[in-house]
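Chemist: Those sequence lines, one after another, are chains A and B.
Here UniProt numbering is used: the first residue of the first sequence is 1, the next is one more, and so on.
Here UniProt numbering is used: the first residue of the second sequence is 1, the next is one more, and so on.
Glycine is no exception: its CB is placed at the ideal position from the N, C-alpha and C atoms.
These numbers were taken from a predicted model, which means no experiment stands behind them.
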Amino acid sequence: MSGLLKDNLKRKEKDNESISSNSGLSNVLLLNVNNPNPTLSITTTTITNAIVNSSSTSTIQRSNSDTISDIRGINERLMNKSTISRSSSKNLQSSKLFENFSLDNLISSDIEIENSELDSDNDLLKIYNSSIYDYDEDNMSSYNFRKKYGNEDLSSSNWVKHKKHFFILSSAGKPIYTRYGDESKLSSLMGVIQAIISYYSTDNDEISCINTSTHKIVFLLRNPLYLVCVSQTNESEEHLRLQLLYLYNQILFSLTSVQLTKIFQDRVNFDLRNLLSGTEIYMDELSRKFSVDASFMLKSIRCLRLKNDLRNTIGEIMNNYRPKNILYGILTYNDKIINIIRPKKQSVHPLDIHLILNMINSTSFRSVESWSPICLPKYNSRGFLYAYVSYLDNIESQSQSESEITSPVSPTSPSSSNSNMKITKTDICLTLLSPDKNAFYYLSNCKKKIEKIFNKSSIFKSISNQKNKTELDISDFGIPHLRHVLYKSNKHLQFVETKRLSPYDDPPSYRRLLRSYKYLDSKIHSYKKNLKFCYILGKNELSVLWIKDDFELYAAFSPFISKTIAYNDLLLIEKWFKKQDNLFITTSQVF
Amino acid sequence: MSGKNLLKAIILGDSGVGKTSLMNQYVNKKFSNQYKATIGADFLTKEVMVDDKLITIQIWDTAGQERFQSLGVAFYRGADCCMLVYDVNNMKSFETLDNWRDEFLVQASPKHPESFPFIVLGNKIDLEESKRQISQKRAMAWCQSKGNIPYFETSAKEAINVEQAFQQIARNALMQEADVPEFNFPPSVSLDAEQKPDQGDCNC
Numbered sequence: 001m002s003g004l005l006k007d008n009l010k011r012k013e014k015d016n017e018s019i020s021s022n023s024g025l026s027n028v029l030l031l032n033v034n035n036p037n038p039t040l041s042i043t044t045t046t047i048t049n050a051i052v053n054s055s056s057t058s059t060i061q062r063s064n065s066d067t068i069s070d071i072r073g074i075n076e077r078l079m080n081k082s083t084i085s086r087s088s089s090k091n092l093q094s095s096k097l098f099e100n101f102s103l104d105n106l107i108s109s110d111i112e113i114e115n116s117e118l119d120s121d122n123d124l125l126k127i128y129n130s131s132i133y134d135y136d137e138d139n140m141s142s143y144n145f146r147k148k149y150g151n152e153d154l155s156s157s158n159w160v161k162h163k164k165h166f167f168i169l170s171s172a173g174k175p176i177y178t179r180y181g182d183e184s185k186l187s188s189l190m191g192v193i194q195a196i197i198s199y200y201s202t203d204n205d206e207i208s209c210i211n212t213s214t215h216k217i218v219f220l221l222r223n224p225l226y227l228v229c230v231s232q233t234n235e236s237e238e239h240l241r242l243q244l245l246y247l248y249n250q251i252l253f254s255l256t257s258v259q260l261t262k263i264f265q266d267r268v269n270f271d272l273r274n275l276l277s278g279t280e281i282y283m284d285e286l287s288r289k290f291s292v293d294a295s296f297m298l299k300s301i302r303c304l305r306l307k308n309d310l311r312n313t314i315g316e317i318m319n320n321y322r323p324k325n326i327l328y329g330i331l332t333y334n335d336k337i338i339n340i341i342r343p344k345k346q347s348v349h350p351l352d353i354h355l356i357l358n359m360i361n362s363t364s365f366r367s368v369e370s371w372s373p374i375c376l377p378k379y380n381s382r383g384f385l386y387a388y389v390s391y392l393d394n395i396e397s398q399s400q401s402e403s404e405i406t407s408p409v410s411p412t413s414p415s416s417s418n419s420n421m422k423i424t425k426t427d428i429c430l431t432l433l434s435p436d437k438n439a440f441y442y443l444s445n446c447k448k449k450i451e452k453i454f455n456k457s458s459i460f461k462s463i464s465n466q467k468n469k470t471e472l473d474i475s476d477f478g479i480p481h482l483r484h485v486l487y488k489s490n491k492h493l494q495f496v497e498t499k500r501l502s503p504y505d506d507p508p509s510y511r512r513l514l515r516s517y518k519y520l521d522s523k524i525h526s527y528k529k530n531l532k533f534c535y536i537l538g539k540n541e542l543s544v545l546w547i548k549d550d551f552e553l554y555a556a557f558s559p560f561i562s563k564t565i566a567y568n569d570l571l572l573i574e575k576w577f578k579k580q581d582n583l584f585i586t587t588s589q590v591f
Numbered sequence: 001m002s003g004k005n006l007l008k009a010i011i012l013g014d015s016g017v018g019k020t021s022l023m024n025q026y027v028n029k030k031f032s033n034q035y036k037a038t039i040g041a042d043f044l045t046k047e048v049m050v051d052d053k054l055i056t057i058q059i060w061d062t063a064g065q066e067r068f069q070s071l072g073v074a075f076y077r078g079a080d081c082c083m084l085v086y087d088v089n090n091m092k093s094f095e096t097l098d099n100w101r102d103e104f105l106v107q108a109s110p111k112h113p114e115s116f117p118f119i120v121l122g123n124k125i126d127l128e129e130s131k132r133q134i135s136q137k138r139a140m141a142w143c144q145s146k147g148n149i150p151y152f153e154t155s156a157k158e159a160i161n162v163e164q165a166f167q168q169i170a171r172n173a174l175m176q177e178a179d180v181p182e183f184n185f186p187p188s189v190s191l192d193a194e195q196k197p198d199q200g201d202c203n204c
């Protein structure tokens, strides 16, 4: 027991360092391991104090745990159970309560710790095997998302089971967003969250994270908004906080920081949902993508693999025919970037690009030219830009393509007015960002020009000719036991990964792989010494991470090979990457 | 006002006047004679139709006892309305209404304190008349002096006036809501502004 406590505290100390707690006080959470039904207590006292408290065997530590026990009271009545009778601590432990939702469910643990003297390697493996592999977040298509979970609430057993919840509330405690369920039905929970945050803010302190053996509750306080993640995915606090930051940026994306601040200055009780209605889909999609898209954890841009001269030709065309007075011109292929043009003195922020990509891919822009005000929080959170988004048409003269007419060309748009032309929508999308709200028609004309030149120079054909090579293939490396590779260039803040082949071709397996990468990332960065190489052996694969100044290389091998072999293979893989010139945007197209 | 509506309603008053019971009667239609002090705060949610609009009332039931008054300023922030509750059979609980009201206005600091939607509930009118210490007249006079606060005499036990009181406060709070702040479109960014180099930018 004492060994575990020490471990716990060590971990806490480490956490506290990385969290950068606002004051000297640390919010420590301890597990009472003596108790068969462990309860948790939050203390705002120092760590030493916490040791004293935890060694007592009482189930509830009254003196320092008012908040948590309060919430028990709250939830008990919230559950409409034993409405008036004073609940004793025994009642609180009752398994009945566990079946229903209460904050207890979210923060307390029912996992038994069998052996407090676990050596660290086993520990690591165990965590990995139990939590990461059992990950079963449902894979929902974006559009039935709301409908599917919309009617869940605190009392539905399914709601509690979701692996990762996101909540956004105003600092008044009013609900703004929930990933699952209907946020107004969760307004009691939002009140509880606000009360917890408020409790700490009276001491000028800020709660940052509550750790339990099964859940992490991470807070991001950005007045006037509070963002909270309740996760049992085993992701690190830093990763979860980054995800909350993305959601926060997504709100700025729709409102700007100026507007957000002003609304709540004028009226602190404002119900923000009405202003954000229609943008929930972006939040839903972000929440989903955090688990299936490495861009977010890597904070870098996913590039389309393209021959360097073709990429440069495309960039030059965009640059030559660019509209006056724009910030960025971005050419994308699905979720990958082909090229970006930008003013010389402005740089491109991956976090902003992710929000733009999320917008393009979450909504149906295929059939229309779209014009919408957006704010790029990393570039400038105070003002709007106007985004012109349009997929490009592949225009062929009829005579050329007559032979193909019988073949099913799926996204054909029959809207061509010219009977000699055959117009096909491509998967290539052009986004232009302008500060001028009246520039739509001007930008639309510029797009037509660019489209025309692209067609003249057979750009689309060249891209589609490369189609089978636009993704990295695992066979490129010629290493039989290699299963997946992800390579990030730290210089360019861009990354590529291999095609998701078996065993990572289904979303749950891929999520699991990504989770192991995240785990490696958090381990390697939380280690004090300059760690370069980190591996984790699970029953499904041997995943490794190798970090150097200019790159991060993640790879997954068959679990049956030794780490020495894996290490040697990594050297080969790295050499291979050094030789490639078709992976990243290396020549900046600036104006 | 269109779209979604959610009201944050705070219940204040001395301990034992029946704040939690009123809330429970309103939301769950239940009453128990047993007393259980609220620790910190309780939260309940109720959806209600007010003038054809569906309103979610988020009820923040607070602890009356001073030793639990540690939830802080932020707790009251952004309240839409406030219910002051006293026990008609308990003189002290009536006399402290002033304090509760002042305290609330200080902590929540609403934009227009003079017109903030309060409501006063004299609870426990089901007890025998002989126990009563504050007359309806006296209570109403106090409400009048504080800017015509609506007054209801209630019984959480017998469900007298509970529904009506909540309905009233929701309606009053919605009236405040009527002046929606306009959405001023912020200016577009100026591209000329020199950008400070930021770590983590892409060089593409």
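Residues in the same chain with beta-carbon distance under 6 Å from Y246(A), minus the five sequence neighbours each way, listed in chain order, please.
Modeler: By 1-based counting over the first sequence, the position of residue 246(A) is 246. So the list reads L286, once near-sequence residues are dropped.
Chemist: If you compare alpha carbons, which of H484(A), I463(A), F477(A) and L385(A) is closest to D436(A)?
Modeler: Counting from 1 along the first sequence, the entry for residue 436(A) is found at position 436. Considering only alpha carbons, the answer is L385(A).
Chemist: What residues in its chain sit with their C-beta under 8 Å from that of K131(B), if we drop five residues either side in the sequence?
Modeler: Stepping through the second sequence from its first residue, residue 131(B) is reached at position 131. Within the same chain, K131(B) has close Cβ partners N89.
Chemist: Can you find a CB in chain A that lies within less than 8 Å of the CB of R171(B)?
Modeler: Start at 1 with the first residue of the second sequence, and residue 171(B) comes out as number 171. Cβ-Cβ to chain A under 8 Å: no for R171(B).
Chemist: What does the Cβ neighbour count give for H112(B), buried or exposed, with the cut at 16 atoms within 10 Å?
Modeler: Within the second sequence, the letter at position 112 stands for residue 112(B). Exposed: under 16 other Cβ atoms inside 10 Å.
Chemist: Pop quiz: S489(A) and D550(A) are said to be a contact at Cβ under 8 Å. What is the actual Cβ separation, rounded to whole angstroms?
Modeler: Numbered from 1 along the first sequence, position 489 holds the residue referred to as residue 489(A). Numbered from 1 along the first sequence, position 550 holds the residue referred to as residue 550(A). At roughly 7 Å, the Cβ-Cβ gap stays under 8 Å, so S489(A) and D550(A) are in contact.
Chemist: When the distance is taken between beta carbons, is P343(A) closer than 8 Å to L191(B)?
Modeler: The residue labelled residue 191(B) in the question sits at position 191 within the second sequence. The residue labelled residue 343(A) in the question sits at position 343 within the first sequence. With respect to P343(A), L191(B) sits close: the two C-beta atoms are nearer than 8 Å.
Chemist: Just list the residues that DSSP pairs D61(B) with in beta bridges.
Modeler: Mapped onto the second sequence, residue 61(B) falls at position 61. Residue pairing by DSSP places D61(B) opposite I11(B) and D42(B) in a beta bridge.
Chemist: Under DSSP, the beta strand (DSSP E) around Y388(A) begins and ends at which residues?
Modeler: Indexing the first sequence from 1 puts residue 388(A) at position 388. It spans L385 to S397 - the beta strand (DSSP E) in which Y388(A) sits, taken as one unbroken run.
Chemist: Does the beta carbon of K43(B) come closer than 8 Å to any beta carbon on chain A?
Modeler: The sequence position of residue 43(B) within the second sequence is 43, counting from 1. The amino acid at residue 43(B) is misidentified as Lys; the sequence shows Phe. Chain A contact via Cβ: present.
Chemist: For R273(A), which residues in chain B fall below 7 Å Cβ to Cβ?
Modeler: Here residue 273(A) is taken as the residue at index 273 of the first sequence, counted from 1. Within chain B, the residues near R273(A) are K4.
Chemist: Determine the DSSP secondary structure at S32(B), reduced to helix, strand or coil.
Modeler: Taking the first residue of the second sequence as position 1, residue 32(B) is located at position 32. Coil at S32(B), not helix or strand.
Chemist: Nearest by alpha-carbon distance to L174(B): which of M23(B), V50(B), T20(B) and G13(B) is it?
Modeler: Walking along the second sequence from the start, residue 174(B) turns up at place 174. Checked all of M23(B), V50(B), T20(B) and G13(B); the closest Cα to L174(B) is V50(B).
Chemist: Assuming K8(B) contacts N274(A) (C-beta within less than 8 Å), just tell me the rounded distance between them.
Modeler: As a working note, residue 8(B) is residue 8 in the second sequence. As a working note, residue 274(A) is residue 274 in the first sequence. About 16 Å separates the two Cβ atoms, so there is no contact after all.
Chemist: Label V368(A) either buried or exposed according to how many other C-beta atoms from any shown protein chain fall within 10 Å of its C-beta, with 16 as the threshold for buried.
Modeler: For the purposes of this step, residue 368(A) is taken as residue 368 along the first sequence, with counting starting at 1. Residue environment: V368(A) is assigned as exposed (fewer than 16 neighbouring CB atoms within 10 Å of its CB, all protein chains considered).
Chemist: Going along the chain, which residues of its own chain have a beta-carbon closer than 7 Å to the beta-carbon of residue 594(A), five neighbours each way excluded?
Modeler: There is simply no residue 594(A) to check, as chain A begins at 1 and stops at 591 in what is shown.
Chemist: Would you say the stretch 477 to 485 of chain A touches the stretch 553 to 562 of chain A, given that touching needs at least three Cβ pairs under 8 Å?
Modeler: When Cβ pairs closer than 8 Å are counted between the two stretches, the stretch 477 to 485 of chain A is seen to touch the stretch 553 to 562 of chain A, the count reaching three or more.
Chemist: With 8 Å as the threshold, decide whether the Cβ of S192(A) is near any Cβ in chain B.
Modeler: Locating residue 192(A) in the first sequence gives position 192, counting from the first residue. The question names Ser, but residue 192(A) in the sequence shown is Val. For V192(A), the answer is yes, since a Cβ of chain B falls inside 8 Å of its Cβ.
Chemist: Restricting to runs no shorter than 4 residues, where is the alpha helix (DSSP H) found entirely within the UniProt domain "FUZ/MON1/HPS1 third Longin" (482 to 580) of chain A?
Modeler: 507 to 526 and 563 to 579
Chemist: Quick one: grab the DSSP three-state call for R222(A).
Modeler: Counting from one through the first sequence, the residue named residue 222(A) turns up at place 222. Here R222(A) sits in strand by DSSP.
Chemist: For F591(A), is the classification buried or exposed, using 16 other Cβ atoms within 10 angstroms of its Cβ as the cut-off for buried?
Modeler: For the purposes of this step, residue 591(A) is taken as residue 591 along the first sequence, with counting starting at 1. With fewer than 16 Cβ atoms within 10 Å of its Cβ, F591(A) is classed as exposed.
Chemist: According to DSSP, is S188(B) part of a helix, a strand, or is it coil?
Modeler: For the purposes of this step, residue 188(B) is identified with residue 188 of the second sequence, where counting begins at 1. Correct three-state label for S188(B): strand.
Chemist: In or out: Q144(B) buried (at least 16 other Cβ within 10 Å) or exposed?
Modeler: Within the second sequence, numbered from 1, the residue matching residue 144(B) stands at position 144. Only exposed fits Q144(B), as fewer than 16 other CB atoms lie within 10 angstroms of its CB.
Chemist: Using the DSSP secondary-structure output, state which residues sit across from E47(B) in a beta bridge.
Modeler: Position 47 of the second sequence holds residue 47(B). Answer is T56(B), bridged to E47(B).
Chemist: Count the C-beta pairs between the stretch 295 to 307 of chain A and the stretch 364 to 379 of chain A that are closer than 8 Å, then say yes if the count reaches three, no if not.
Modeler: no
Chemist: Along the stretch 259 to 292 of chain A, where does the CB come closer than 9 Å to a CB of chain B? Name the residues.
Modeler: Q259, K262, I263, F264, D266, R267, V268, N269, F270, D271, R273, N274, L275 and S277
Chemist: Taking only beta carbons into account, state which residues of the stretch 362 to 379 of chain A come closer than 9 Å to chain B, listed in chain order.
Modeler: P373, C375, L376, K378 and Y379
Chemist: Which of the residues in the stretch 309 to 336 of chain A, read from start to end, lie with their CB under 9 Å from any CB of chain B?
Modeler: Along the stretch 309 to 336 of chain A, the positions whose C-beta sits under 9 Å from a C-beta of chain B are N325, I326 and L327, read in chain order.
Chemist: Counting pairs of Cβ atoms below 8 Å between the stretch 346 to 366 of chain A and the stretch 449 to 456 of chain A, do you hit three or more?
Modeler: With contact defined as three or more Cβ pairs closer than 8 Å, the stretch 346 to 366 of chain A and the stretch 449 to 456 of chain A are not in contact.
Chemist: Give the C-beta separation of Y180(A) and H162(A) to the nearest angstrom, bearing in mind that I take them to be a contact with Cβ-Cβ under 8 Å.
Modeler: Counting from 1 along the first sequence, the entry for residue 180(A) is found at position 180. Counting from 1 along the first sequence, the entry for residue 162(A) is found at position 162. Indeed they touch by this definition, with Cβ atoms about 5 Å apart.
Chemist: If you run the structure through DSSP and keep just helix, strand and coil, what is N234(A)?
Modeler: For the purposes of this step, residue 234(A) is taken as the residue at position 234 of the first sequence. Three-state result, N234(A): coil.
Chemist: Please confirm whether G40(B) has its beta-carbon closer than 8 Å to some beta-carbon of chain A.
Modeler: The count along the second sequence starts at 1 and reaches residue 40(B) at position 40. Chain A contact via Cβ: present.
Chemist: Would you say K124(B) faces chain A, with C-beta separation under 8 Å as the test?
Modeler: Looking up residue 124(B) in the second sequence gives position 124. With 8 Å as the cut-off, K124(B) does not count as an interface residue toward chain A.
Chemist: Need the endpoints of the alpha helix (DSSP H) that Y442(A) sits in, please.
Modeler: Mapped onto the first sequence, residue 442(A) falls at position 442. Here the alpha helix (DSSP H) through Y442(A) covers F440 to K456.
Chemist: What does S188(B) touch in chain A if you count any residue whose Cβ is under 9 Å from its own?
Modeler: The sequence position of residue 188(B) within the second sequence is 188, counting from 1. Chain A residues near S188(B): P373, G383, F384, L385, Y386, S434, P435, D436 and K437.
Chemist: Rounded to the nearest angstrom, what separates Y441(A) and D266(A) at their Cα positions?
Modeler: On the first sequence, residue 441(A) is found 441 positions in, with the first residue counted as 1. On the first sequence, residue 266(A) is found 266 positions in, with the first residue counted as 1. A direct Cα-to-Cα measurement between Y441(A) and D266(A) gives close to 36 Å.
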